[in-house]
Structure formats: structure tokens, C-alpha cells
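**Q** One structure coming up, written as C-alpha cells, with questions to follow.
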Amino acid sequence: QYSSSGTLPNGFNLQLGTTGTKKKHCGLPRWSRREICLLSGLVFAAGLCVILGCILVLKYLALEQDAYCLEGCQERKAFTKASRFIATNIDPTIDPCKDFYSFACGGWLRRHAIPEDKLIYGIIAAIGEQNEEKLQQLLLQPVRRAYPASAERK
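To convert a position in the sequence shown, counted from 1, into our numbering, add 330.
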């Protein structure tokens with residue numbers, strides 16, 4: 331079956347009992363242990379970068395979604411507050427086709443009588459008075475500091 335030259339009938343070489351001979355690697359270079367370690371480290375680092383990039387993208391999208399939700403919630407609160415303000419200021423007992431001013435402002439006029447010391451009184455004046463009251467309350471509150479011996483108190 332086998333020829334004495336060590337060649338098989340299908341054309342492959344059979345080298346039995348030969349030691350120290352180098353095998354041919356079909357044209358592919360043999361990689362050293364250092365190259366394999368460097369390539370493994372490179373693949374690991376690239377994979378880690380991809381994972382961290384995905385985490386950052388997901389976190390950015392989550393923050394953007396949270397900001398949108400907060401903005402939407404604030405808008406809803408503002409719309410609710412404005413609609414409540416409008417609903418309390420209208421007078422539904424008056425026909426808006428006959429007297430729109432009384433319809434739109436009747437509730438506010440009923441709740442807020444014109445003070446004796448003023449000739450005219452409207453929503454702008456009422457808001458100004460509310461702001462003055464809030465500022466007065468803030469100015470009358472004692473200043474609270476984290477440390478009793480702070481520079482502002484000395």
C-alpha cells in the first residue's frame with residue numbers, strides 16, 4: 331500500500347519517525363504567543379469599548395426621555411393651573427353672546443371688590459399685591475445659616 335518514499339497513493343506525504351522536521355503551514359504564518367496575547371487584548375479592549383459606548387448611548391437616551399417627561403409634566407401642570415384660573419374667573423350664569431365681558435370676568439369681579447382707596451382694580455393690580463405680600467413675608471423671615479458664626483451674621 332505505501333511506497334518506500336513515504337508518499338500515499340492519494341499524493342500526501344507520510345513522514346513517520348522523522349523528528350525535528352518543520353511542517354509546512356499552507357502559506358499561513360505561525361503566530362507567536364506574544365502576537366496571540368496582543369490580539370486577544372485588542373479584541374477584549376474593542377469589545378469593552380463597544381459595551382461602554384452602548385451604555386453611554388442608552389444613558390443619554392434615558393436622560394433625554396426623563397427631560398421630556400419632566401417638561402411634559404410641567405406643561406400639564408401649567409395648563410391645569412391656567413384652566414382652573416379661567417374656570418374660576420368666568421361667570422357661567424351670563425350669556426356670552428349678550429355680555430362677554432361679564433361672562434369672562436364676572437367670577438373674578440364677584441370675588442374681588444374694588445378697594446375704596448383705588449379708582450380701578452384689575453387682575454394686574456391683584457397680582458402685584460400678591461407679589462408684594464410674598465416679598466414682604468420673605469424679607470421678614472429670619473436668615474438661616476448652616477453655621478452660627480458665618481461671615482454674614484458678624
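Built from N, CA and C at the ideal position, the CB exists for glycine as well.
1) Going by DSSP in three states, Y332 sits in which element: helix, strand or coil?
2) Given a cut-off of 9 Å on the beta-carbon distance, is the pair N419 and A443 in contact?
3) DSSP three-state call for N419: helix, strand or coil?
4) Do the CB positions of K464 and A455 come within less than 9 Å of each other?
5) Alpha helix (DSSP H) containing K464: first to last residue?
6) For the alpha helix (DSSP H) containing C435, name the first residue and the last one.
7) Which value, in whole angstroms, describes the spacing of the CA atoms of C379 and N461?
8) Within a Cβ cutoff of 7 Å, which residues of the same chain sit near P445, ignoring the five residues on either side of it in sequence?
9) Among I416, F415, G436, which has the Cα closest to the Cα of G425?
10) Measure the alpha-carbon distance for C403 versus T410 and round it to whole angstroms.
**A** The short version:
1) For the purposes of this step, residue 332 is identified with residue 2 of the sequence shown, where counting begins at 1. Annotation note: pLDDT 49 at Y332 (below 50); position unreliable, no value reported.
2) Indexing the sequence shown from 1 puts residue 419 at position 89. Indexing the sequence shown from 1 puts residue 443 at position 113. Not a contact, by the Cβ cut-off of 9 Å.
3) If you number the sequence shown from 1, residue 419 lands on position 89. Helix, per DSSP.
4) Indexing the sequence shown from 1 puts residue 464 at position 134. Indexing the sequence shown from 1 puts residue 455 at position 125. Not in contact: K464 and A455 (Cβ atoms no closer than 9 Å).
5) Here the question's residue 464 lines up with position 134 in the sequence shown. Residues 453-470.
6) Here the question's residue 435 lines up with position 105 in the sequence shown. It spans 430-441 - the alpha helix (DSSP H) in which C435 sits, taken as one unbroken run.
7) Taking the first residue of the sequence shown as position 1, residue 379 is located at position 49. Taking the first residue of the sequence shown as position 1, residue 461 is located at position 131. Answer to the nearest angstrom: the Cα atoms are 54 Å apart.
8) Here the question's residue 445 lines up with position 115 in the sequence shown. So the list reads Y451, once near-sequence residues are dropped.
9) On the sequence shown, position 95 is the one that residue 425 refers to. Residue identity check: residue 425 is Asp in the sequence provided, not Gly. Checked all of I416, F415, G436; the closest Cα to D425 is G436.
10) Walking along the sequence shown from the start, residue 403 turns up at place 73. Walking along the sequence shown from the start, residue 410 turns up at place 80. A straight-line Cα-Cα distance of about 10 Å links C403 and T410.
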